[in-house]
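Asks: The sequence shown begins at -16 in the working numbering and counts up one residue at a time. Each residue gets a CB set at the ideal place from its N, CA and C atoms; glycine is no exception. Sharing a structure here in C-alpha cells format.
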Amino acid sequence: MIFAVKKINEDLQLLPNITLGFRIYESYGGEYTYLATMKLFSSQKQFIPNYKRGILNKLKSVIGTLDPNISIDIADILGVYRIPQLLYGPPPNMYAKTDIPFYYHMVPGEDFYFRGILQLLVHFRWTWVGILVKGDGGEKFEQLIFSWFSLHGICIAFLEQLRTIYISNADDGLKWFVEIFHRFINSKANVMIIKDKYVLELRWLLYLPEIEFVSIKPKGRVWIIASQMGLASFFYQKNWDIQVLHGALSFAVYSNEVKGFQHFLETRNHFSFFPQDGFIKDVWENAFGCVFPNPSQNDDPESICTEKEKLESLPGAFFEMRMTSPSYSIYNAVYAVAHALNAIQVDQQPHRRNWSGRKPNLQDVQPWQLHFFLKRIAFNNSIGDEISFDEKGELVTGLDLENWITFPNQSFYRVKVGKLDPWAAEDQMFTIHEETINWPCTFNQAGSELCTESCPPGNFKRKQEAKPFCCYNCHPCPKEKISSQKDMDDCSNCPEGQYPNKNQDSCLPKRISFLSYEEPMGISLVILAIFFSLSTAIVLATFLKHHHTPIIKANNQNLTYVLLISLLLCFLCSLQFLFIPGNIICLLRQISFGIIFSVAVSSVLAKTITVVLAFMATKPGSRMRNWVGRRLATSIVISGSLIQTGICTAWLFIFPPFPDVDTHSEIEEIILQCNEGSTTMFYCVLGYMGFLAAASFTVAFFSRNLPSSFNEAKCITFSMLIFCSVWISFVPSYLSTKGKYMVAVEVFSILASSAGLLVCIYFPKCYIIIFRPELNNREHLIKRKS
C-alpha cells in the first residue's frame, strides 16, 4: 500500500497538487476492531471521534483485511458515514442482506473460486478428496461442496474443521490436531482441499511428525488452496520445513508483477518512519530474531538489530519479495480510490463555486460522494490491466492457477500454470498447462483411491448403505446389458440388432435365425413329416388296392379316402413352417393348417356319426335308415370345413398374418417369424378345431361298446383322445416358449395329432388287410359278439 501511495504521489497527472496519506491499524477482532475504526475519525494525536481538533484524518475510504469477520465489524461504523470499504479478502457472509452499497470487492465471489476447484478436479478426474475448513464462510463452503460435488461424481473422504492453536493452550490444540492428522493420514484420498485465510494451521498439522507427536510423515498428497490465501507464517514457523507443500495448487486473483516493486522493497529505508510506523519493530524482531536496542536493558550485542538486515534473505514461506495476489489487490484498491478522486476533481469545473463562495476543494469532498464514481470507474493501471467494478461492486477479473514450488533452502515460488477466465465461453473458461506443473514426489497424478475398488467394464456400481455416494459395490450387468467403461453407474442396452459379448463390455451383431430345415431340429421335423407322409401314402395305396375288400367297404370308403388325403396334406403343410417367413408363407401356413385340419376332423366326426346311425338303422322300424348314406357324411365334412374357411377368410380381412422379427427372445439372435396379426382369430381357429375334435371324441366315446366287428368307434376314441391331448398341451407350451421354438411346438403338435389319427384309425385295418387277410371277409364282419 505504501508503494502504491508513493507512486500516485509521484504521478504528475493523477491527482496533481494532491498528496495522499494513509494510516494503518492492527486489528485483533472484536472491540479492538471498533477501537481502530473510531481512531480513523479522530485527530492524529487524540482519540476524540468526530471532534475537529488538531490535524484531522481526511478519511476518504478504507481498505479492509483478509478476514471477512473483521470487515463486517468495520462496516458497523463505516456504514453510518457511508464510507467506501475496499476488500481484498474473501467477501463477508452477509446472510439475508442482498444490497451492500458500501463494499467494493477486489476479488471475485467465493462461487468463482469454487468453480475453479471443481473444474480442476473434473479435469484430472479426482473424485475422492479430503477437505479441511477453517474461518468465516466455512458453512457456505460446505453447502457448495455438497451441492456441486455430487453432481460431478466427486466424493468427500472426510471434512474436518481446523482450530487455531494458541500458545496458552498449545497442548490441547495439538491433541486436537493429532486426531485430525490420523484421520487424513489414514484416508486413501491423496487430494486435499483447504479453506482458510492463511496456511498457519495447515503448517501446524504437517509439522506434527517433526515434533514427534506422530510417527508417520504425510507423503504423496497434493494440496488445493480454496481461496485468497497467503503462505504467511508465525515467527516460530519461518524455519519449519515446507517441502510437504511442494506441488500445491491454489487459485488466486489474477495478478501481475508491478515494475519497481521489488526494487522498492530492497532499497527502502524502513526505519526512516520509525517509531511512527509501529509495525516495523515487531516485524523486524520476529523476522530476523533480533531485538531493537533499549537503553534501559543490557541486551546481548549479537542479538541487537543492526537495521542492515535484508528482507530478501528471509525464507519465502515467511516473506515473499514479489507482488502476490493480495498485494496486487491492495495496489489496485489504492489506485481505484485515487482515480475516483481524480474523476471528482475533473468533474468539478473551475468556474463552479460551493455554497461558501470558495472554489471547490477536493479535501471538502465527503466520502459518500466517491460511490458514484467508484461504481462507474474504469481505468488501466500502470501495467495496463483494466480495473472496473460490476453491478455487484466486484472487480471484474479472473483467477490464476498457481503451482507452489518449494526448495530445500526454504525458498518458495509460485508458478502460474492455468487460469479461470470469466470472459471466455463456458467450455473454454478453464485452461491448464499440465506439462508445467511440478507434482509432489510420490503423488499419484492418476487420482485418488476410492473407498472401493474401481468397477471394471461389464459391471456397474451400486451404492453402499450409510456411506458416501461414491462408496459402492460392483455388480455384473444383467444378461442383456453392457457397460463399456469403468465405474459406470448403470448398464446400457445394446443398439437394435446387437447383443452383449461374453464379458458384457461391448456389443456384437446378432445372427439372423428362423426354424429352418437345415438345422438339426428342422431336419428332425422334416424327417418326421416325410416319414408320416409316406406312411399315409402307403396306407392310401393299400386301401386303393384292396378297395373291394369288405373291411374297406364297411367303413364308408369315401370318407376313408378324404381323411387319408387330408392327413397327407396335414403332414405336408407342416413343411411350410420350415421355410424363411415371407408374405405368402405367413398368409398360407396358418390358414392352410386350419382348413386342412378341419377337413380331417370333420371326416372323423362324419365317420363316427355314420357308425352310430348305421347301428341305429339296424333296429326294426327305425327311421334312421333315411339318414344313412353318403349325403349325410358329405354334408358334415363340407359344412365343418366351410365354417373354418369362413373364420380364416375373416382373419385375412381383419388382420392377416405378416412377416415380423423378434429381437428380444434370444440374446444373440434376430428371429424371423410370422406374426399372427390377430391373436384372437388364431385362437378362434384352434377353438373351432377343438370343438370338432371334442364332438368326435364324445360321439365315439358313447358308441365304443357297439359290436366291434363293424365298429370304428374305439379306434376313433383313442385317436381323438390323442388329438385332444396334443392340442390341449399345445396352448401352454406355445405360450411358454419364444422365438423359433414356438414354431417347433406348433409343427410337432401338427405331426403328433395327425400321426395319432393315422395310427389309431388305419393301422389296425392295414394289419388285417396285410397280415390277417382271413379276417377280411363278409362272414367275419357279420359276426356278433357272444
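Can you give me the Cβ contacts of Ile360 inside the same chain, cut-off strictly under 8 Å, excluding the 5 residues immediately before and after it?
Replies: Ala319, His322, Ala323, Ala326, Ile370, Ser371, Phe372
Asks: Considering Arg494, what are the terminal residues of the beta strand (DSSP E) in which it resides?
Replies: Per DSSP, Arg494 belongs to the beta strand (DSSP E) from 494 to 496.
Asks: So, is Ile(-9) buried or exposed, given that buried needs 16 or more other C-beta atoms within 10 angstroms?
Replies: buried
Asks: Could you tell me the boundaries of the alpha helix (DSSP H) in which Ser679 lies?
Replies: 662 to 685
Asks: Using a beta-carbon distance below 8 Å, is Val205 in contact with chain D?
Replies: The structure shown has no chain D; it contains just one protein chain.
Asks: From Ala738, Ser170, Ile55, Trp223, pick the residue whose C-alpha is nearest to that of Leu191; which is it?
Replies: Trp223
Asks: Who are the Cβ neighbours of His334 in its own chain at under 6 Å, not counting the five residues just before and after it?
Replies: Model confidence at His334 stands at a pLDDT of 48, short of 50, so the residue's coordinates are unreliable and nothing is read from them.
Asks: Terminal residues of the continuous alpha helix (DSSP H) containing Cys460?
Replies: Taken as a continuous stretch (DSSP letters only), Cys460 belongs to no alpha helix (DSSP H), as it is neither H nor E.
Asks: Answer yes if the segment 309 to 316 comes into contact with the segment 382 to 397, meaning at least three C-beta pairs across the two stretches below 8 Å, and no otherwise.
Replies: no
Asks: Evaluate the contact criterion for the segment 542 to 556 versus the segment 644 to 663: three or more CB pairs, one atom per stretch, below 8 Å.
Replies: no
Asks: Note down, in chain order, each residue of its chain lying with its Cβ closer than 6 Å to the Cβ of Gly47, except the 5 sequence neighbours on either side.
Replies: Ser54, Gln68, Leu70
Asks: If I'm right that Phe132 touches Gly113 with Cβ under 8 Å, what's the distance once you round it to whole angstroms?
Replies: Going by Cβ atoms, the distance from Phe132 to Gly113 rounds to 12 Å, so no, they are not a contact pair.
Asks: Excluding five sequence neighbours on each side, which residues of the same chain lie with their C-beta closer than 8 Å to the C-beta of Val584?
Replies: Gly623, Met672, Leu675, Ala676, Ser679, Phe706
Asks: If we require 3 or more residues per run, which beta strand (DSSP E) segments fall completely within the segment 196 to 278?
Replies: 205 to 208, 232 to 236
Asks: If you draw a straight line from the C-alpha of Tyr237 to the C-alpha of Pro258, how long is it?
Replies: Their Cα atoms are separated by approximately 35 Å.
Asks: Tell me, please, which residues DSSP counts as bridged to Met175.
Replies: Gly113, Trp206
Asks: Quick one: is Gly565 buried, meaning 16 or more other Cβ sit within 10 Å of its Cβ, or exposed?
Replies: exposed
Asks: Using DSSP with H/G/I as helix, E/B as strand and the rest coil, what is His647?
Replies: coil
Asks: Among Phe256, Glu463, Leu551, Leu669, whose alpha-carbon lies nearest the alpha-carbon of Gly739?
Replies: Leu551
Asks: Sort out for me which residues DSSP pairs Val45 with in a bridge.
Replies: Val45 pairs with Gln68.
Asks: Which of the three DSSP states is assigned to Leu104 in this structure?
Replies: helix
Asks: Shortest alpha-carbon distance to Ser286 belongs to which of Asp330, Lys293, Cys273?
Replies: Cys273
Asks: Please tell me whether Ser518 and Leu741 are closer than 8 Å, where the distance is taken between their beta carbons.
Replies: yes
Asks: Would you identify the three-state DSSP class for Leu294, choosing helix, strand or coil?
Replies: helix
Asks: May I ask you to report which of helix, strand or coil DSSP gives Ser475?
Replies: It is a strand residue.
Asks: Please go through the same chain and pick out, in chain order, the residues whose beta-carbon is closer than 6 Å to the beta-carbon of Val582, but skip the five residues on each side of it.
Replies: Ser549, Ser624
Asks: Over the uninterrupted beta strand (DSSP E) stretch that includes Gly299, give me the two end residues.
Replies: Where Gly299 is concerned, there is no enclosing beta strand (DSSP E), given that its DSSP letter is neither H nor E.
Asks: Along the chain, where does the beta strand (DSSP E) that runs through Asp50 open and close?
Replies: Segment: none, Asp50 is in no beta strand (DSSP E) and carries neither H nor E.
Asks: Which class does Phe693 belong to by DSSP, given the choice of helix, strand or coil?
Replies: Note that Phe693 has pLDDT 48, beneath the 50 cutoff, so the model's placement of it is unreliable and no number is given.
Asks: Nearest-angstrom Cα distance between Trp351 and Val161?
Replies: 50 Å
Asks: CB Phe497 to CB Ile567, shorter than 8 Å?
Replies: No.
Asks: Can you list, in chain order, the residues of its chain whose CB lies under 6 Å from that of Ile495, leaving out five sequence neighbours each side?
Replies: Ile653
Asks: Nearest-angstrom Cα distance between Val379 and Lys291?
Replies: 41 Å
Asks: State the Cα-Cα distance for the pair Asp265 and Ala209, rounded to the nearest angstrom.
Replies: 30 Å
Asks: Between the C-alpha atoms of Gln349 and Glu14, what's the straight-line distance to the nearest angstrom?
Replies: 27 Å
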